[in-house]
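Using this note's numbering, read the sequence shown as starting at 3 and increasing by one per residue. Every residue, glycine too, gets a C-beta built ideally from N, C-alpha and C. The structure appears right after this line, and notes come after that.
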Amino acid sequence: MEKLKILGICTSGRGKNSNTYFLMKRSFDNLKDENIEKEIIVASELKLRPCDHHYSINARMCVHPCLITQTDPKDEMKKIYDGILGADVVIFSTPIYWGNHSQLMQLIIERLNSLENANSVYHQVIIKNKIGALMILGHEDGYQHVAGNLMNFLTEMGLIFPPQAYGAWVGESDENTKADRGKIENDEKIQEIFNDVSQNAVNFARVILACPACGHKLNYEHISKKKNYIK
Ligand SMILES: Cc1cc2nc3c(=O)[nH]c(=O)nc-3n(C[C@H](O)[C@H](O)[C@H](O)COP(=O)(O)O)c2cc1C
Numbered sequence: 003m004e005k006l007k008i009l010g011i012c013t014s015g016r017g018k019n020s021n022t023y024f025l026m027k028r029s030f031d032n033l034k035d036e037n038i039e040k041e042i043i044v045a046s047e048l049k050l051r052p053c054d055h056h057y058s059i060n061a062r063m064c065v066h067p068c069l070i071t072q073t074d075p076k077d078e079m080k081k082i083y084d085g086i087l088g089a090d091v092v093i094f095s096t097p098i099y100w101g102n103h104s105q106l107m108q109l110i111i112e113r114l115n116s117l118e119n120a121n122s123v124y125h126q127v128i129i130k131n132k133i134g135a136l137m138i139l140g141h142e143d144g145y146q147h148v149a150g151n152l153m154n155f156l157t158e159m160g161l162i163f164p165p166q167a168y169g170a171w172v173g174e175s176d177e178n179t180k181a182d183r184g185k186i187e188n189d190e191k192i193q194e195i196f197n198d199v200s201q202n203a204v205n206f207a208r209v210i211l212a213c214p215a216c217g218h219k220l221n222y223e224h225i226s227k228k229k230n231y232i233k
């Protein structure tokens, strides 16, 4: 069986102390597959400069590697670019803030514009044959909106999503956020939801990325639907 690389990118601003990281880590720890290499990037531990929005000056200035990556040795977005490029399965996790994903998730999305732009402006399909999934955590409401928004961008970037590609949990919608960690740690149903996200993504990768019968590897390049290229 081919080895699969599964990458988690945790975008909670509270890093390893966060409920978001806790759920992702436990889900990865519980993955039942020996032929898997696992890694979680904790985005808050990296120095990530916000996007300079060169795209808005001229779409052709939004290149991969990103101009910030090329010119600022202190910026660590390369770890995320390289992580994604080297993975077969990429799972993003985010808390919900006022119905939206985290600031860090937004920063990463804008920096990942260069990978989407590579296809839509430069006709280079850099992101291909990779499975995506999401873990979303809140205390009251908003996960469908967050999931829809993230899947919109990430499919444009080129990830392939399985059915039911996200797991989410929100608390009691009161002000007792203090109780959330206890619930998350002790409720087996919550554990199962997030375990299933990783396991389903891996199961999907195993049937999509290589034919289980003949071993033939998927090599699909999806050419951007955008036809108004800038010359
Ligand atoms: C400023 C702020 C806004 C929030 N907005 C929402 C929200 O709209 N919906 C929700 O379900 N939870 C909301 N929450 C609760 C967090 O999503 C929840 O506490 C989550 O566990 C935080 O994740 P973390 O442990 O990774 O920091 C909000 C929390 C903060 C700090």
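What does a CB cutoff of less than 6 Å around residue i pick up in its chain, not counting 5 residues either side in sequence?
{"i": "residue 3", "result": "37"}
{"i": "residue 89", "result": "7, 9"}
{"i": "residue 133", "result": "91, 162, 203, 206, 207"}
{"i": "residue 226", "result": "121, 122"}
{"i": "residue 188", "result": "none"}
{"i": "residue 79", "result": "50, 71, 113"}
State the start and end residues of the unbroken beta strand (DSSP E) segment that holds residue i.
{"i": "residue 96", "result": "91–97"}
{"i": "residue 170", "result": "168–172"}
{"i": "residue 7", "result": "6–12"}
{"i": "residue 135", "result": "133–140"}
Determine the contact status of residue i and residue j, defining contact as a CB-CB distance below 9 Å.
{"i": "residue 234", "j": "residue 87", "result": "Outside the shown range of the chain, which is 3 to 233, sits residue 234, and nothing can be said about it."}
{"i": "residue 14", "j": "residue 96", "result": "yes"}
{"i": "residue 27", "j": "residue 33", "result": "no"}
{"i": "residue 67", "j": "residue 116", "result": "yes"}
{"i": "residue 140", "j": "residue 170", "result": "yes"}
{"i": "residue 221", "j": "residue 130", "result": "yes"}
Could you name the residues of the same chain whose beta carbon sits closer than 7 Å to that of residue i, not counting the 5 residues immediately before and after it, in chain order?
{"i": "residue 44", "result": "12, 17, 18, 23"}
{"i": "residue 76", "result": "49"}
If I measure Cβ to Cβ from residue i and keep anything under 8 Å in the same chain, skipping five residues before and after, which residues do I get?
{"i": "residue 54", "result": "69, 70"}
{"i": "residue 183", "result": "21, 24"}
{"i": "residue 57", "result": "63, 64, 115, 119"}
What are the start and end residues of the alpha helix (DSSP H) that includes residue i?
{"i": "residue 187", "result": "182–188"}
{"i": "residue 43", "result": "Per DSSP, residue 43 belongs to no alpha helix (DSSP H); it is in the beta strand (DSSP E), 38–44."}
{"i": "residue 83", "result": "79–87"}
{"i": "residue 120", "result": "105–122"}
Who's in the neighbourhood of ligand 1, going by beta-carbon under 6 Å from any heavy atom, listed in chain order? 14, 16, 20, 21, 22, 97, 98, 99, 100, 101, 139, 140, 141, 142, 143, 144, 172, 179, 182
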